[in-house]
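Chains A and B, in that order, are what the protein sequence lines are.
Each residue of the first sequence is one higher than the one before, starting from 326 at the first, in our numbering.
Each residue of the second sequence is one higher than the one before, starting from 4 at the first, in our numbering.
Yeah, the Cβ is synthetic: ideal placement off N, Cα and C, and Gly gets one too.
Have a look at the structure below, then the notes.
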Amino acid sequence: SQQGEEDPQALSIQEGENATMNCSYKTSINNLQWYRQNSGRGLVHLILIRSNEREKHSGRLRVTLDTSKKSSSLLITASRAADTASYFCATGLIQGAQKLVFGQGTRLTINP
Amino acid sequence: GAGVSQTPSNKVTEKGKYVELRCDPISGHTALYWYRQSLGQGPEFLIYFQGTGAADDSGLPNDRFFAVRPEGSVSTLKIQRTERGDSAMYLCASSPGTLRRNEQFFGPGTRLTVL
Numbered sequence: 326s327q328q329g330e331e332d333p334q335a336l337s338i339q340e341g342e343n344a345t346m347n348c349s350y351k352t353s354i355n356n357l358q359w360y361r362q363n364s365g366r367g368l369v370h371l372i373l374i375r376s377n378e379r380e381k382h383s384g385r386l387r388v389t390l391d392t393s394k395k396s397s398s399l400l401i402t403a404s405r406a407a408d409t410a411s412y413f414c415a416t417g418l419i420q421g422a423q424k425l426v427f428g429q430g431t432r433l434t435i436n437p
Numbered sequence: 004g005a006g007v008s009q010t011p012s013n014k015v016t017e018k019g020k021y022v023e024l025r026c027d028p029i030s031g032h033t034a035l036y037w038y039r040q041s042l043g044q045g046p047e048f049l050i051y052f053q054g055t056g057a058a059d060d061s062g063l064p065n066d067r068f069f070a071v072r073p074e075g076s077v078s079t080l081k082i083q084r085t086e087r088g089d090s091a092m093y094l095c096a097s098s099p100g101t102l103r104r105n106e107q108f109f110g111p112g113t114r115l116t117v118l
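Structure below.
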């Protein structure tokens with residue numbers, strides 16, 4: 326069963342706008358990671374945030390984590406057509422932190 | 004350096020046949036993972052190796068699925084008596100193997116179709 330749920334399931338915005346995707350999870354975590362997947366192929370790791378961190382930045386990406394609400398958000402600023410992909414959050418649990426539990430993903434479309 | 008590679012990229016087989024899917028992890032990564040992804044869904048964990056041993060195989064759906072990693076590098080996922088419901092993308096990932104660095108690096112996947 327899926328631990329995380331992304332919201333929205335699909336998002337379509339204009340190039341240059343910011344895109345925000347949310348993820349909720351159910352059990353306590355060691356860390357939370359975001360991945361991108363193009364055209365149903367392999368996933369690309371974007372960013373990892375640990376349970377004792379609240380915010381992390383990487384280039385145009387900003388991730389927040391609220392462990393009290395069991396939620397995370399991924400913000401992509403100044404979106405580009407190349408950002409079109411599916412985005413997944415994945416949680417590393419406290420027990421068995423090595424295996425990741427993925428959500429169902431957000432399909433992001435950037436319109437030129 | 005080279006990333007995770009998986010072969011074949013596509014596999015079409017008939018119901019009841021046996022298939023093997025191969026994964027070559029990033030050199031030096033001690034942890035290796037197999038996931039299965041159905042269309043429109045996120046990946047689901049199957050099995051995790053630390054070195055040669057299966058540290059967690061709780062995601063294997065039934066005893067038709069088996070995976071090995073005999074020398075702690077290449078891994079093979081084996082599916083016996085395939086069923087149409089086994090059709091999916093099978094993803095392999097590797098990581099350095101420590102909790103502080105368990106971001107996983109994924110291969111391109113093998114798309115399995117069972118007719």
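Rounded to the nearest whole angstrom, the C-alpha separation of S61 (chain B) and R405 (chain A) is 39 Å. A Cβ-Cβ separation of about 5 Å places N356 (chain A) in contact with R375 (chain A) under the 8 Å criterion.
Two segments are said to touch when three or more pairs of C-beta atoms, one from each, lie closer than 8 Å; by this definition the stretch 20-32 of chain B touches the stretch 106-115 of chain B.
Under the DSSP assignment, H382 (chain A) falls in the beta strand (DSSP E) whose first and last residues are 380-383. No Cβ-Cβ contact shorter than 8 Å links Q83 (chain B) with L425 (chain A). By the neighbour-count criterion, in which 16 or more other beta carbons inside 10 Å mark a residue as buried, T416 (chain A) falls on the buried side. In the DSSP assignment, T116 (chain B) falls within the beta strand (DSSP E) that extends over 113-117.
At the C-beta level, A34 (chain B) and S98 (chain B) come within 8 Å of one another. Burial check for I419 (chain A): the Cβ neighbour count within 10 Å stays below 16, so the residue is exposed. Close partners of P111 (chain B) in chain A (Cβ separation under 9 Å): R366, G367. If one requires a minimum length of 3 residues, the beta strand (DSSP E) runs lying completely within the stretch 395-432 of chain A are 396-401, 410-418, 425-427, in chain order. For G75 (chain B), no CB of chain A lies under 8 Å from its own CB, so it is not counted at the interface with that chain. Just measuring C-alpha positions, the residue of A:P437, A:I435, A:G430 sitting nearest G45 (chain B) is A:G430.
In the structure shown, R25 (chain B) adopts extended strand secondary structure according to DSSP, grouped into three states. Counting along the chain, K81 (chain B) sits inside the beta strand (DSSP E) bounded by residues 78-82. Taking C-beta atoms as the reference points, Y51 (chain B) and L94 (chain B) fail to come closer than 8 Å. Per the DSSP secondary-structure output, D59 (chain B) pairs in a beta bridge with B:Y51. Checking the DSSP bridge columns, you'll see T10 (chain B) partnered with B:R25. Using a 10 angstroms sphere on the CB of L373 (chain A), the tally of other CB atoms reaches 16 or more, which defines it as buried. Selection B:I29, B:T85, B:V15 evaluated against V77 (chain B) yields B:I29 as nearest (Cα-Cα).
The beta carbon of E330 (chain A) lies closer than 6 Å to those of S349, G428 in the same chain, with the five residues before and after it left out. For the 8 Å CB-CB criterion, A410 (chain A) and L386 (chain A) do not form a contact. In chain order, E106, Q107, F108, F109 make up the part of chain B whose C-beta sits under 8 Å from the C-beta of H370 (chain A). DSSP places S98 (chain B) in the uninterrupted beta strand (DSSP E) bounded by 91-98.
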